[in-house]
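Heads up: the sequence lines are chains A and B, in that order.
According to the numbering used here, the first sequence is numbered sequentially starting from 3.
According to the numbering used here, the second sequence is numbered sequentially starting from 3.
Number of protein chains: 2
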Amino acid sequence: MKKPRRVSLSTQIVQELTKKIETGDWPIQTKIPTEAQLTEQFEVSRNTVREALQSLIQAGLLESKAGDGTYVIAANKFEANMYHELGKADYQEIAEARQLLEKNLAFLAAKKRTEEDLIAMEVALERRNNPAFTLEELALKDIDYHIEIAKAAHNSIMLDVYQSISTYLFQLIFDHMQQDVTFNHDDSQQLHIELFDAIKARDSKLAETIVGKISSY
Amino acid sequence: MKKPRRVSLSTQIVQELTKKIETGDWPIQTKIPTEAQLTEQFEVSRNTVREALQSLIQAGLLESKAGDGTYVIAANKFEANMYHELGKADYQEIAEARQLLEKNLAFLAAKKRTEEDLIAMEVALERRNNPAFTLEELALKDIDYHIEIAKAAHNSIMLDVYQSISTYLFQLIFDHMQQDVTFNHDDSQQLHIELFDAIKARDSKLAETIVGKISSY
DNA sequence: TTCCATTTGTTCGTATGTATG
DNA sequence: CCATACATACGAACAAATGGA
Numbered sequence: 003m004k005k006p007r008r009v010s011l012s013t014q015i016v017q018e019l020t021k022k023i024e025t026g027d028w029p030i031q032t033k034i035p036t037e038a039q040l041t042e043q044f045e046v047s048r049n050t051v052r053e054a055l056q057s058l059i060q061a062g063l064l065e066s067k068a069g070d071g072t073y074v075i076a077a078n079k080f081e082a083n084m085y086h087e088l089g090k091a092d093y094q095e096i097a098e099a100r101q102l103l104e105k106n107l108a109f110l111a112a113k114k115r116t117e118e119d120l121i122a123m124e125v126a127l128e129r130r131n132n133p134a135f136t137l138e139e140l141a142l143k144d145i146d147y148h149i150e151i152a153k154a155a156h157n158s159i160m161l162d163v164y165q166s167i168s169t170y171l172f173q174l175i176f177d178h179m180q181q182d183v184t185f186n187h188d189d190s191q192q193l194h195i196e197l198f199d200a201i202k203a204r205d206s207k208l209a210e211t212i213v214g215k216i217s218s219y
Numbered sequence: 003m004k005k006p007r008r009v010s011l012s013t014q015i016v017q018e019l020t021k022k023i024e025t026g027d028w029p030i031q032t033k034i035p036t037e038a039q040l041t042e043q044f045e046v047s048r049n050t051v052r053e054a055l056q057s058l059i060q061a062g063l064l065e066s067k068a069g070d071g072t073y074v075i076a077a078n079k080f081e082a083n084m085y086h087e088l089g090k091a092d093y094q095e096i097a098e099a100r101q102l103l104e105k106n107l108a109f110l111a112a113k114k115r116t117e118e119d120l121i122a123m124e125v126a127l128e129r130r131n132n133p134a135f136t137l138e139e140l141a142l143k144d145i146d147y148h149i150e151i152a153k154a155a156h157n158s159i160m161l162d163v164y165q166s167i168s169t170y171l172f173q174l175i176f177d178h179m180q181q182d183v184t185f186n187h188d189d190s191q192q193l194h195i196e197l198f199d200a201i202k203a204r205d206s207k208l209a210e211t212i213v214g215k216i217s218s219y
């Protein structure tokens, strides 16, 4: 039915641009190349470029300003929907949403993780384990690890949601670590290893519990 | 700010066509005039007509078939959402995300609901309670009720996430009710009343458990 | 402030490809 | 096979908004 054997040029451009945005190649607020430049770059007419841009504007990923340029305003569709809300969401709300989502994701991951997921998680876990890291670096690696768990949950909606707020998580986790004078690198790593083991053992309840401990650490 | 002093031709055409559709002048399944005819009728180019049609197709009001014609498939945007079909895989993911989010929201609502929230929930609960409702109507009221619970959770992020997927929930809930031959209106309402009571009593664990029962009903 | 180059917005005309009945 | 109708793509022109000189 909806199987166009040949993907339209504008669709191809949409895919290329989406990739740039989602991989962070073009972070939020980036001013993307002008229509004329994209026309040259993709070797298509301006109309075709505009059609692709229209799709992304419609999806809420881009915003264009006449006489100025076109800007990235969201990294994915969920973020596009929550674009307005997140900015004014307060700290407590983000922290609360984070804990709930991480519990949900750990629960799902324990049920659905594959061997490949375990490998990816282990790599991220290892990267996280460097006592020489500053708190800043640790916070970043921490988010990476939790995103791997989110991927292991095999639910693209929940993954999107988590990735959307992960932008805001950095500051949150960083502050959390910094304010907690009792924060201990090894203890933290130990808890994350336990979480990995629980997911590996497919113990969803335990995984959920451990996330609770990590968040309220 | 967003005050274009001159409405574009395609926008004007969108408005004209929308009027035809919403007033019932062009009922559902009507085959609308061809692009060539609309071109003549509005005295604009075919491109401009197509741009307008694209908007309405995107909005879900129209559907076009190459070599055949363009048809009205929904009378308004809300109805258009109902026709929004989802892939089988997405369907499962949405169902999963729905259950998790509703549990989270009920949990939070039980902890943070105010007296005003209870009143709003009670109103939505009462609206839901009409044995004469078709399953379609019931599904709509059901979503309304759960959105009230989401509001009572007092977390704008979680509310936003839930509202984002609620667009897709209608079809899901509707199918769920329809496929379940044991579905009983009174039993369902009873469970929803129990959920209300649990939130009123601030029993977050019980609220979460009841949502689990409702989802797996 | 005005003016101007840049960039997006709108519209047209045309050509060719693809799907339907 | 064929006429019809939508799908895709190109090129061109001018309007309107913006930001900076």
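C-beta: ideal position from N, C-alpha, C; glycine also.
Bear in mind that the values here come from a model prediction, so they are computed numbers and not experimental data.
Item, Value
"Grab me the residues of Ala99 of chain B's own chain with a C-beta within less than 8 Å of its C-beta, minus the 5 sequence neighbours each way, in chain order.", "Ile167"
"So if I threshold CB-CB distances at 7 Å, which residues from the stretch 155-175 of chain B count as touching chain A?", "Asn157, Ser158, Ile159, Met160, Asp162, Val163, Ser166 and Ile167"
"Look up Ser66 of chain B in the DSSP assignment and say whether it is helix, strand or coil.", "strand"
"Using the C-alpha atoms, what's the distance from Leu103 of chain B back to Ile151 of chain A?", "18 Å"
"Does Gln247 of chain A come within less than 8 Å of chain B when only Cβ atoms are used?", "Only positions 3 to 219 of chain A appear in the structure, and residue 247 of chain A is not among them; the question remains open."
"Please name the residue, chosen from A:Val9, A:Ile15, A:Ser66 and A:Ile59, that lies closest to Glu45 of chain A on a Cα-to-Cα basis.", "A:Ile15"
"Which same chain residues, not among the five before or five after Lys5 of chain B, have their C-beta less than 7 Å away from its C-beta?", "Confidence is the limiting factor: at Lys5 of chain B the pLDDT is only 46, short of 50, which leaves the residue's position unreliable, though a coordinate-based value still follows. Cβ neighbours of Lys5 of chain B beyond the five flanking positions: none."
"Report the residue from B:Ile216, B:Arg52 and B:Glu65 whose alpha carbon sits nearest the alpha carbon of Asp182 of chain B.", "B:Ile216"
"Under 8 Å, Cβ to Cβ, is there at least one residue of chain B near Leu102 of chain A?", "yes"
"Are Glu65 of chain B and Ser12 of chain B close, meaning C-beta to C-beta below 8 Å?", "no"
"Can you give the Cα-Cα distance for Val74 of chain A and Gln60 of chain B, rounded to whole angstroms?", "22 Å"
"On a CA-only basis, which of B:Val51, B:Ile23, B:Val125 and B:Glu95 is nearest Asn78 of chain B? Give me that one, please.", "B:Ile23"
"Give the residues of chain B in contact with Gln60 of chain A, contact being defined as C-beta atoms less than 8 Å apart.", "Gln60"
"What are the start and end residues of the beta strand (DSSP E) that includes Gly71 of chain B?", "Gly71 to Val74"
"By a C-beta neighbour count over all protein chains shown, 10 Å radius and 16 as the cutoff for buried, is Glu210 of chain B buried or exposed?", "buried"
"Find the nearest neighbour of Asp146 of chain A within the set A:Asn106, A:Arg115, A:Asn131 and A:Asn157, judged by alpha-carbon distance.", "A:Asn131"
"Tell me Ile34 of chain B's beta-bridge partners as DSSP assigns them.", "B:Thr72"
"Taking 8 Å as the CB-CB cut-off, is Ala108 of chain A touching chain B?", "no"
"Looking only at its chain, what residues have a beta carbon closer than 7 Å to the beta carbon of Val213 of chain A, apart from the 5 residues adjacent to it on each side?", "Glu104, Lys105, Ala108 and Leu197"
"Exposed or buried, which one is Asn157 of chain A when buried takes at least 16 other CB atoms within 10 Å?", "buried"
"Between Ala77 of chain A and chain B, is the shortest Cβ-Cβ distance under 8 Å, so that the two count as touching?", "no"
"Using a Cβ-Cβ distance cut-off of 8 Å, determine whether Glu95 of chain A contacts chain B.", "yes"
"If we count the other Cβ atoms within 10 Å of its Cβ and call it buried at 16 or more, is Thr72 of chain A buried or exposed?", "buried"
"What number of angstroms, rounded off, separates the C-alpha of Leu140 of chain A from the C-alpha of Ile34 of chain A?", "31 Å"
"DSSP three-state label for Gly26 of chain B, please.", "coil"
"Can you list the residues of chain A that Glu98 of chain B reaches, using a CB-CB cut of under 7 Å?", "Asn157"
"Please confirm whether Ala154 of chain A and Ile201 of chain A have their CB atoms less than 8 Å apart.", "yes"
"What distance in whole Å lies between the Cβ atoms of Leu174 of chain B and Ala97 of chain B, which are believed to be in contact at a cut-off of 8 Å?", "6 Å"
"Start and end of the alpha helix (DSSP H) containing Arg48 of chain A?", "Arg48 to Gln60"
"Rounded to the nearest angstrom, what separates Ala68 of chain B and Asn49 of chain B at their Cα positions?", "16 Å"
"May I have the straight-line CA-CA distance separating Ile149 of chain B from Tyr164 of chain B, to the nearest angstrom?", "8 Å"
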